[in-house]
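Chain order of the listed sequences is V and P.
No gaps in the numbering here: position 219 of the first sequence is 219 in UniProt numbering, and each next residue is one more.
No gaps in the numbering here: position 150 of the second sequence is 150 in UniProt numbering, and each next residue is one more.
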Amino acid sequence: MQAEQIEVAGFLKQYPPFNSLPDEVVDDIACQAEISYFRTGSDIYQFGDEIHDLCIIRSGSVEIYRRNGDLYNRLSEGDLFGQLGLLMNNKIRLPARALEDSLIYFIPEAVFTELCDRFDSFAYFVEMDDNRLRQAVSSKQESNDLMASKVTRLISRDPVCLDASATIRQAAQKMTDECVSSILVMKAAGSNREDDEPELSVAGILTDRDLRIRVVAPGLNLDTPVTEVMTAEPVTLDEDAYAFEAMLTMLRFNLHHLPILENGHPIGVLATSDIVRYESQSSLYLVSNILRQQSVEELAQLQPQISACFVRMVNEDANSHMIGSAMSVIGRCFKQRLLELAEEQLGPPPVRYCFLALGSMARDEQLLMTDQDNALILDNSFDVTKHGQYFEQLAKFVSDGLNACDYVYCSGNIMATNPNWRKTRKEWEAIFADWIENPDPEALLNCSIFFDLDGVFGKTGWADQLNTFIVRKAKRSPRFLASLARNALNRTPPLGFFKSFVMEKDGQHRNSINLKRRGTAPLSDLIRVHALAVGSRAQNSFERLDDVVKAGILPAGRENDLRDAMEFIAMVRIRHQALDVETEREVDNNVEPENLTDFERRNLKEAFQVLSNSQRFLKFRYPYTRK
Amino acid sequence: MATVTDSIAENWSELFREQALTTQDERLRVFYEQGTVAADSPLSDVPFVALDFETTGLDAGSDEIISIGLVPFDLNRIRLRDARHWLLKPRRAMKEESIVIHGITHTELSDAPDLNRILGQVLEAIAGRIVVVHYRYIEREFLDAALKRRLGEGIRFPVVDTMAQEAMLHRQGIGSLLKRLVGRKPESIRLSDSRNRYNLPHYGQHHALTDAIATAELLQAQIHHRYSESTPISDIWI
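So, in structure tokens, the structure goes:
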């Protein structure tokens, strides 16, 4: 026998989602409720606490925080909280604190679950309410337009330019007059319109910093031509690029000024400050921090900031391309700084080299918890007896340093510390040629790692040249493509996942599914096959897809399926990594079915279906025929 | 108005042991045998039960209990699923003015049981817990008197009085004295006014269960504001 709870029921009936439930159901909810009083400033839930109730504010007000202490939402009488924790494995992600003396009604989890099952309106409300709140809050508090806006929106004024014939003094005067920190040096470009004025194009850029370092410090004559101290052929971006691409470009090349071009003409120069305004706690700071550290120990201490940056981007609704690119740039910066430190310790290299990133970092698809895949391209004049020791030590320094920074050693020993993966330019071309001509299983295994390569330090142009060599050769080798296609079918999507929960049976992740191994990795494998077939030189899976779609080899009408599937699986993987970070669990690529929302479940199923269909298409598109 | 003095015991645990031996009623024996909370128990460990009666009047000697509401709780949670509410048939007719206050009518009570029939359930619900009331002269004295009339023996147990807590804060001390000297009205220590001071919501009054819940919430608020989790129960029980 339960006593009627007039007050509690009467209150609940006034507020959604209870106001749409039958009266007798609400009466029953009220009888199951618990009540507690919280004094101003006291914690209702701390991060990581277990939660087993849906909370309704009866009086007072409550603030919901993000893990980093930022305000997420402010709630008052009649508002709900805790639904996210109940839907997500009973762990509090967003701590709650009483802003005033508050009385909270708690509805036990069993009742909550039953209501979700019985009443669609209730389930919809608690599931969507949080998203709605989140969107509302994020649009108010931390609108991050980097994602959606074009670079042109960041340009605040026309670029200041001067002719290549000018002197340093003239450049400095013009910069002072115009109050700018950089100036573009223009030269006549080879015009294809004969009777018109010669077209001007950007020959170089000169910045305040250049004046200090290249002019004042060495005491250069101010009448020296500006062309002698400018940075010639600077990195530029087209006006149709997105703001986040500008940020990534600046991060990647460690630039403070980035000219934006429209049909080859400069229309503005972005400064770091233009971007920082958009993202106050930006990854830009992290990158500049990385490049300032003086030792491996100091670098290793930055590690928590990487996860923090990752979580922030997730919370700011960045897409997988943006997050993958930012994490890859950050990873590259660690490598770059470690190589600088290595050269300081070991002295200048005896022959020129290019340090390569392989795999996900090269594809700009790095997430958290990643191992290091790297290699060295050495100058053709490399002589192992004379120079071998230097590069062995260099590779060891970087590899140990990366490991200290949580980019753990590669279990497959694909690292520059392995003498097999320190090769001269000629040797690399030879081995790639061999892999392509003789695609045995081992060669194919290597392909999936080495075919995504990117120069991060030293003669990075060598990486591009090697890539061009590979793409040309692979495109003309149908037998190789067929083998690579077969290889891309080895890892299948877990289609049975949603029926009978087919899960990984190994190790500690018994009840989970590995979204990398069963999702994004097979997707990037099959995208790589198509990309090589159409001669795409892109490394990133989305950029490769652009080229593949342009080439028109995918079934008509299905062009966007692969992109959507990749994005969706990657985002679920990303969100779950962010959740792992926030709940201080070990970050991995596994998701547990109980941690998936209905929305994620439905869409994952569809994404895996796309992967499965695409694998079947791959078999058909690259038939295996004996030579 | 009740004129009975507080039956405060020096040692509640000892008193419970003695009562368990001497009582003639089986239900009371079970109640006393469960004992009470040790005097040095920190508030965070104390199981409470908020108790409220509606009565036919204010004199425990002649008026009767017509409804009982109770809800068990502790410092963290008030558990509504274990709340109880009974209507009771008085032995003497209700006065019309009391009907105005609590809204319980003769018809509603005509089928209600006598206290004697549900006494076992009431005692079971409060046994081993510290009873919390707002104004102890009603609940403790009325129950004591009602049992004496029915069983020939009364009942004694420690209570926490949320009204006394408010009185200590607002009716004593120099601030309150100054207020009285300058002719200002003292703070009201009625349940709803006391709740207001802690930002507790307005509840409809004079329903025994609602008032019991309101009292439980008030004690949580008082403890959070004025005591700590480690304060011994003996500091606030009476």
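Yeah, the Cβ is synthetic: ideal placement off N, Cα and C, and Gly gets one too.
Quiz item: Are the C-beta of aspartate 240 of chain V and some C-beta of chain P separated by less than 7 Å?
Solution: No, because no Cβ of chain P sits closer than 7 Å to the Cβ of aspartate 240 of chain V.
Quiz item: Of all the options V:Trp462, V:Arg425, V:Tyr409 and V:Pro478, which has the alpha carbon lying nearest to the alpha carbon of isoleucine 436 of chain V?
Solution: Ranking V:Trp462, V:Arg425, V:Tyr409 and V:Pro478 by Cα distance to isoleucine 436 of chain V puts V:Pro478 first.
Practice problem: Tell me isoleucine 35 of chain V's beta-bridge partners as DSSP assigns them. | Solution: Note: isoleucine 35 of chain V is bridge-paired with V:Tyr105 and P:Ile78 in the DSSP secondary-structure output.
Quiz item: Would you call the segment 18-28 of chain P and the segment 116-132 of chain P in contact, with 3 or more CB pairs under 8 Å?
Solution: Result yes; three or more Cβ-Cβ pairs closer than 8 Å.
Quiz item: With a cut-off of 7 Å, does the C-beta of leucine 286 of chain V fall near any C-beta of chain P?
Solution: No - not a single Cβ of chain P is within 7 Å of the one on leucine 286 of chain V.
Quiz prompt | N- and C-terminal bounds of the beta strand (DSSP E) containing methionine 183 of chain V | solution = A small correction: the amino acid at residue 183 of chain V is isoleucine; methionine does not occupy that position in the sequence shown. From DSSP, the beta strand (DSSP E) with isoleucine 183 of chain V extends over 182-188.
Quiz item: Which residues in the same chain as glutamine 14 of chain V place their Cβ atom closer than 6 Å to its Cβ, once the five residues preceding and following it in sequence are excluded?
Solution: So no residue of the chain qualifies.
Practice problem: Assign glutamate 166 of chain P to one of two classes, buried (16 or more other C-beta atoms within 10 Å of its C-beta) or exposed (fewer than that). | Solution: Counting Cβ neighbours within 10 Å, glutamate 166 of chain P comes out buried, since at least 16 surround it.
Quiz item: Who are the neighbours of isoleucine 56 of chain V on chain P, taking C-beta pairs under 7 Å?
Solution: Under the 7 Å cutoff, chain P gives no residues; its nearest Cβ is about 12 Å from isoleucine 56 of chain V.
Quiz item: Given that a residue counts as buried once 16 or more other Cβ atoms are within 10 Å of its Cβ, and exposed if not, what is glutamine 19 of chain P?
Solution: The residue is buried, with at least 16 neighbouring Cβ atoms inside 10 Å.
Practice problem: Scan the segment 226-295 of chain V and note each continuous alpha helix (DSSP H) run of 4 residues or more that stays entirely inside, going in chain order. | Solution: Counting only runs of 4 or more, we get 243-253, 272-276 and 283-292.
Quiz item: Are the C-beta of isoleucine 35 of chain V and some C-beta of chain P separated by less than 7 Å?
Solution: At a cut-off of 7 Å between C-beta atoms, isoleucine 35 of chain V counts as an interface residue with respect to chain P.
Quiz item: Ordered along the chain, which non-local residues of its own chain (more than five positions away) have a Cβ less than 7 Å from that of phenylalanine 125 of chain V?
Solution: Within the same chain, phenylalanine 125 of chain V has close Cβ partners Pro16 and Pro17.
Self-check item: Alpha-carbon to alpha-carbon, histidine 256 of chain V and valine 215 of chain V
Solution: Between the C-alpha atoms of valine 215 of chain V and histidine 256 of chain V there is a straight-line separation of about 18 Å.
Practice problem: Answer with yes or no whether the minimum CB distance from histidine 224 of chain P to chain V is below 7 Å. | Solution: Judged by the 7 Å Cβ criterion, histidine 224 of chain P is in contact with chain V.
Quiz item: Would a C-beta distance cut-off of 7 Å place leucine 248 of chain V and valine 314 of chain V closer than the cut-off?
Solution: No; because the gap between Cβ atoms is not below 7 Å, this pair is not in contact.
Quiz prompt | tyrosine 242 of chain V, buried or exposed, once every other Cβ within 10 Å from all chains shown has been counted against 16 | solution = Buried: at least 16 other Cβ atoms inside 10 Å.
Practice problem: Closer than 6 Å by C-beta to proline 266 of chain V: which residues in its own chain qualify, once you throw out the five before and the five after it? Chain order, please. | Solution: If you ignore the 5 residues before and after proline 266 of chain V, its C-beta comes within less than 6 Å of the C-beta of Pro159, Leu184, Val202 and Pro259, all in its own chain and listed in chain order.
Quiz item: What is the rounded straight-line gap between the Cα of alanine 208 of chain P and the Cα of leucine 169 of chain P?
Solution: In this structure, the straight-line span from the alpha carbon of alanine 208 of chain P to that of leucine 169 of chain P is close to 26 Å.
Practice problem: Specify, as a first and last residue, the run of the alpha helix (DSSP H) that histidine 85 of chain P falls within. | Solution: No alpha helix (DSSP H) holds histidine 85 of chain P; the beta strand (DSSP E) holding it covers 84-87.
Quiz item: If we ignore side chains and look at the alpha-carbon of each, how far apart do phenylalanine 451 of chain V and threonine 207 of chain V end up?
Solution: Rounded to whole angstroms, phenylalanine 451 of chain V to threonine 207 of chain V spans 37 Å at the Cα level.
Quiz item: Are the C-beta atoms of glutamine 19 of chain P and some chain V residue less than 7 Å apart?
Solution: It does not; no Cβ of chain V falls within 7 Å.
Quiz item: For valine 610 of chain V, does the count of other Cβ atoms within 10 angstroms reach 16, so buried, or fall short, so exposed?
Solution: Buried: at least 16 other Cβ atoms inside 10 Å.
Quiz prompt | Contacting residues, own chain, Cβ-Cβ under 8 Å from glutamine 345 of chain V (five flanking each side not counted) | solution = Same-chain partners within the cutoff: Phe397.
Quiz item: Applying a beta-carbon distance threshold of less than 8 Å, which residues of chain V neighbour threonine 210 of chain P?
Solution: Those within 8 Å of threonine 210 of chain P in chain V are Ile6 and Glu7.
Quiz item: In terms of residue numbering, what span does the beta strand (DSSP E) encompassing alanine 50 of chain P cover?
Solution: For alanine 50 of chain P, the enclosing beta strand (DSSP E) begins and ends at 48-55.
Practice problem: Consider the Cβ of serine 61 of chain V: report whether some Cβ of chain P lies at a distance smaller than 7 Å. | Solution: Output row for serine 61 of chain V: interface = no.
Quiz item: What are the residues of the segment 84-102 of chain V that lie near chain P, defined by any Cβ-Cβ distance shorter than 9 Å?
Solution: Only those residues of the segment 84-102 of chain V whose C-beta falls short of 9 Å from the nearest C-beta of chain P are listed: Glu100, Asp101 and Ser102.
Self-check item: Where isoleucine 118 of chain P falls: helix, strand or coil (DSSP)
Solution: Three-state result, isoleucine 118 of chain P: helix.
Self-check item: chain P within 7 Å of glutamine 46 of chain V, Cβ atoms only
Solution: No, glutamine 46 of chain V does not count as interfacial toward chain P.
Quiz item: Where do the ends of the beta strand (DSSP E) carrying cysteine 333 of chain V lie?
Solution: Looking at the DSSP string, cysteine 333 of chain V is not in any beta strand (DSSP E); the run it does join, the alpha helix (DSSP H), is 320-346.
Quiz item: Taking 7 Å as the CB-CB cut-off, is cysteine 31 of chain V touching chain P?
Solution: Yes, its Cβ sits closer than 7 Å to a Cβ of chain P.
Quiz item: Thinking C-alpha only, which one of V:Gln46, V:Glu24 and V:Leu466 is nearest arginine 425 of chain V?
Solution: Of the listed residues, the one whose Cα sits closest to arginine 425 of chain V is V:Leu466.
Exercise. Would you tell me roughly how many angstroms separate the C-alpha atoms of alanine 212 of chain P and glycine 10 of chain V, rounded to the nearest one?
Key: When rounded, the distance between both Cα atoms is 17 Å.
Exercise. Spatial neighbours of glutamate 142 of chain V within its chain, please: CB distance less than 7 Å, with the 5 preceding and 5 following residues excluded, ordered by chain position.
Key: Any answer about glutamate 142 of chain V is weak, because its pLDDT of 41 lies below 50 and its placement is not dependable; what the coordinates show is given next. Annotation for glutamate 142 of chain V: Glu316 place their beta carbon closer than 7 Å to its own, counting only its chain and skipping 5 residues before and after.
Quiz item: If we count Cβ pairs, one from each stretch, closer than 8 Å, do we get three or more for the segment 268-277 of chain V versus the segment 209-225 of chain V?
Solution: No contact exists between the segment 268-277 of chain V and the segment 209-225 of chain V.
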